[in-house]
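Engineer: Here it is, the structure, as structure tokens.
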Amino acid sequence: MTVTNRFRCVSTLFLVSVLSASCTTLNSEDPPRSQPHHRPNGYQNNYLEFAPKSLGELLRWRREAFRDGLPRPPRTPTPTVAPDLVFIDANARAGAMAMQPAVTWIGHATVLAQFGGLNVLTDPAFSERASPVGFVGPKRHVPPGLTLAQLPRIDLVLISHNHYDHLDDASVRALAQQPGGPPLFVVPLGIKAWFSARGIANVVELDWWQSHPIATDAGPVDVVLTPVQHWSARSFSDRMETLWGGFAVFAPDLHLFFTGDTGYSKDFNDIRERFASRQTADKGGGFDIALIALGAYEPRWFMATQHINPAEAVQVHLDVNAKRSLGVHWGTFELTDESLDQPPIDLVDARRAKGVADADFFVMAVGETRKLPKRGAANERVKAVRGSAPRAP
Numbered sequence: 293m294t295v296t297n298r299f300r301c302v303s304t305l306f307l308v309s310v311l312s313a314s315c316t317t318l319n320s321e322d323p324p325r326s327q328p329h330h331r332p333n334g335y336q337n338n339y340l341e342f343a344p345k346s347l348g349e350l351l352r353w354r355r356e357a358f359r360d361g362l363p364r365p366p367r368t369p370t371p372t373v374a375p376d377l378v379f380i381d382a383n384a385r386a387g388a389m390a391m392q393p394a395v396t397w398i399g400h401a402t403v404l405a406q407f408g409g410l411n412v413l414t415d416p417a418f419s420e421r422a423s424p425v426g427f428v429g430p431k432r433h434v435p436p437g438l439t440l441a442q443l444p445r446i447d448l449v450l451i452s453h454n455h456y457d458h459l460d461d462a463s464v465r466a467l468a469q470q471p472g473g474p475p476l477f478v479v480p481l482g483i484k485a486w487f488s489a490r491g492i493a494n495v496v497e498l499d500w501w502q503s504h505p506i507a508t509d510a511g512p513v514d515v516v517l518t519p520v521q522h523w524s525a526r527s528f529s530d531r532m533e534t535l536w537g538g539f540a541v542f543a544p545d546l547h548l549f550f551t552g553d554t555g556y557s558k559d560f561n562d563i564r565e566r567f568a569s570r571q572t573a574d575k576g577g578g579f580d581i582a583l584i585a586l587g588a589y590e591p592r593w594f595m596a597t598q599h600i601n602p603a604e605a606v607q608v609h610l611d612v613n614a615k616r617s618l619g620v621h622w623g624t625f626e627l628t629d630e631s632l633d634q635p636p637i638d639l640v641d642a643r644r645a646k647g648v649a650d651a652d653f654f655v656m657a658v659g660e661t662r663k664l665p666k667r668g669a670a671n672e673r674v675k676a677v678r679g680s681a682p683r684a685p
């Protein structure tokens with residue numbers, strides 16, 4: 293075994309160990325622990341009783357991957373472009389009414405979304421490894437599309453769950469110390485304590501379907517935590533002790549949905565039905581943009597309950613009634629058996645099978661910005677920009 297393969301093996305085993313590890317106010321009252329997804333010592337999914345993989349299953353996965361040489365090196369590198377800092381900075385300073393809705397893919401599940409007069413960041417992960425330590429664990433294969441120093445002042449950070457590739461210690465600490473004061477962090481139940489231990493107080497915890505209102509010059513913005521099918525853990529002993537979820541964000545100029553990490557479930561039909569009354573045709577229709585996880589899905593016998601594949605991602609796009617979707621959570625960290633460049637390839641077939649247009653579910657280069665039409669605008673064509681090289685829902 294070469295040194296490179298040996299190190300990859302150690303990194304993979306670290307990932308396996310993680311996978312197997314057993315000032316603001318809410319708009320609604322703290323939910324009782326009697327809700328169906330609440331357990332005495334944590335939480336559970338709506339449509340799946342989570343069954344931890346056995347040691348035998350873990351070893352089978354790693355044995356088969358090693359035997360077959362998986363994941364294979366990508367045939368093409370993850371595409372990157374220089375960020376359009378002029379547009380991003382000008383948009384951040386434009387003011388709530390003049391801001392152009394736009395999304396910039398920073399990498400993995402990290403997206404800068406500008407809308408509603410807010411600069412919003414999803415699951416910020418800027419570190420070199422998705423790991424509690426810097427010398428082992430999944431390594432970043434492409435630099436962030438924006439550095440922390442290049443970000444505009446962030447107003448809102450959405451954390452979907454506590455896995456290391458979504459809740460990154462160094463990134464959160466840096467954002468909490470940004471000039472002008474920390475952003476508001478909105479997190480699922482149980483994660484606020486992690487922030488408090490780091491002296492970060494500007495945090496709101498939500499249960500599924502709870503919302504938090506934000507007042508902006510453009511009008512009210514509602515942030516809602518939605519159920520998705522996943523799990524949580526940051527060590528061997530805290531499995532399922534904190535909640536996980538997706539986010540629906542409703543602003544006057546844009547409705548955004550972010551899946552976080554998820555397996556496929558009826559939760560997405562529930563999301564569409566839950567928000568149907570506020571997304572009727574005369575109110576602008578469905579989500580203007582959905583950020584949908586696209587990678588970390590092979591082998592299916594092991595990953596299906598926790599990570600959707602591209603075919604399921606397209607179904608999520610349809611289920612939640614999204615006008616357009618951006619595929620994220622691919623091309624950055626080598627987490628599972630598919631090659632880093634495989635998700636967009638599989639997406640092509642998945643779109644064709646469901647009759648979804650290329651422009652309606654797309655991927656972007658790391659660093660790329662895409663302008664989005666304002667909600668209700670007569671011309672809802674999506675424009676691409678490339679760089680130079682709470683109320684109860």
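Numbering (the working numbering), first residue to last: 293 to 685. Using N, Cα and C, we set each Cβ at its ideal position, and we do this for glycine too. A quick note: this is a predicted structure, and the numbers were derived from the prediction, not measured.
1. List the DSSP bridge partners of proline 505.
2. Out of Ala525, Ile398 and Ala468, which one is the CA nearest neighbour of proline 424?
3. To the nearest angstrom, report how far apart threonine 316 and tyrosine 339 are at their CA atoms.
4. Could you tell me the boundaries of the alpha helix (DSSP H) in which tryptophan 692 lies?
5. State the Cα-Cα distance for the pair aspartate 611 and alanine 540, rounded to the nearest angstrom.
6. Just verifying my parser: in three-state terms, what is the DSSP assignment at tryptophan 536?
7. Residues in its own chain within less than 7 Å of glutamine 571 by CB, not counting five upstream and five downstream?
8. Assuming the contact rule is C-beta atoms closer than 8 Å, glycine 619 and alanine 605 should be a hit. Round their C-beta distance to whole Å, please.
9. Three-state secondary structure (DSSP) at lysine 663?
10. Can you tell me whether proline 328 is buried or exposed? The criterion is at least 16 other CB atoms within 10 Å of its CB, across all chains shown.
11. Are the beta-carbon atoms of phenylalanine 418 and threonine 661 separated by less than 8 Å?
12. Where does the unbroken alpha helix (DSSP H) through valine 655 begin, and where does it stop?
13. Starting from the C-beta of aspartate 460, find all residues in its chain whose C-beta is less than 6 Å away, skip the five residues before and the five after it, and write them out in chain order.
14. Just list the residues that DSSP pairs histidine 609 with in beta bridges.
15. Give the DSSP bridge partners of proline 480, in chain order.
16. What are the boundary residues of the alpha helix (DSSP H) that phenylalanine 560 is part of?
17. Go ahead and label proline 365 buried or exposed: buried means 16 or more other beta carbons lie within 10 angstroms of its beta carbon, across all protein chains shown.
18. With a CB to CB cut of under 6 Å and the five nearest residues on each side skipped, what residues in its chain are close to isoleucine 451?
19. Indicate the three-state DSSP secondary structure (helix, strand or coil) for asparagine 333 in the structure shown.
20. Report the option in Arg667, Ile637 and Leu476 whose CA atom is closest to the CA atom of proline 369.
21. Give me the Cα-Cα distance between isoleucine 446 and leucine 410, rounded to the nearest whole angstrom.
22. Taking 7 Å as the limit between beta carbons, can you name the residues of its chain near leucine 377, skipping five residues before and five after?
Structural biologist: Looking at the atomic coordinates:
1. Asp514, per the DSSP bridge assignment.
2. It is Ala525.
3. Confidence in threonine 316 is poor, its pLDDT being 33 and thus under 50, which makes the residue's placement unreliable; the coordinate value appears in the next sentence. If you take the alpha carbons of threonine 316 and tyrosine 339, they lie about 32 Å apart.
4. No statement about residue 692 is possible, as the shown extent of the chain runs from 293 to 685 and does not include it.
5. Aspartate 611 and alanine 540 have their alpha carbons spaced roughly 14 Å apart.
6. It is coil, neither helix nor strand.
7. So the qualifying residues of the chain are His547, Gly577, Gly578 and Asn613.
8. Contact holds; Cβ gap of about 6 Å.
9. Look at lysine 663 here: in three-state DSSP terms it is strand.
10. Around the beta carbon of proline 328, fewer than 16 other beta carbons sit within 10 angstroms, so the residue counts as exposed.
11. In this structure, threonine 661 does not lie closer than 8 Å to phenylalanine 418 by Cβ.
12. Element bounds for valine 655: n/a, residue is neither H nor E.
13. Spatial neighbours of aspartate 460 in its own chain (CB-CB distance under 6 Å, excluding positions within 5 residues in sequence) are listed in chain order as Ala417 and Ser419.
14. DSSP, once it has assigned bridges, lists no residue as partnering histidine 609.
15. DSSP lists Leu498 as the bridge partner or partners of proline 480.
16. Run containing phenylalanine 560: 559-566, per the alpha helix (DSSP H) assignment.
17. By the neighbour-count rule (16 or more Cβ atoms within 10 Å), proline 365 is not buried but exposed.
18. Leu459 and Val479, listed in sequence order.
19. In this structure, asparagine 333 counts as coil in the three-state DSSP scheme.
20. Nearest option by C-alpha distance: Ile637.
21. Going from the Cα of isoleucine 446 to the Cα of leucine 410 covers about 8 Å.
22. Counting only Cβ-Cβ distances below 7 Å, and skipping sequence neighbours, we find Gln442.
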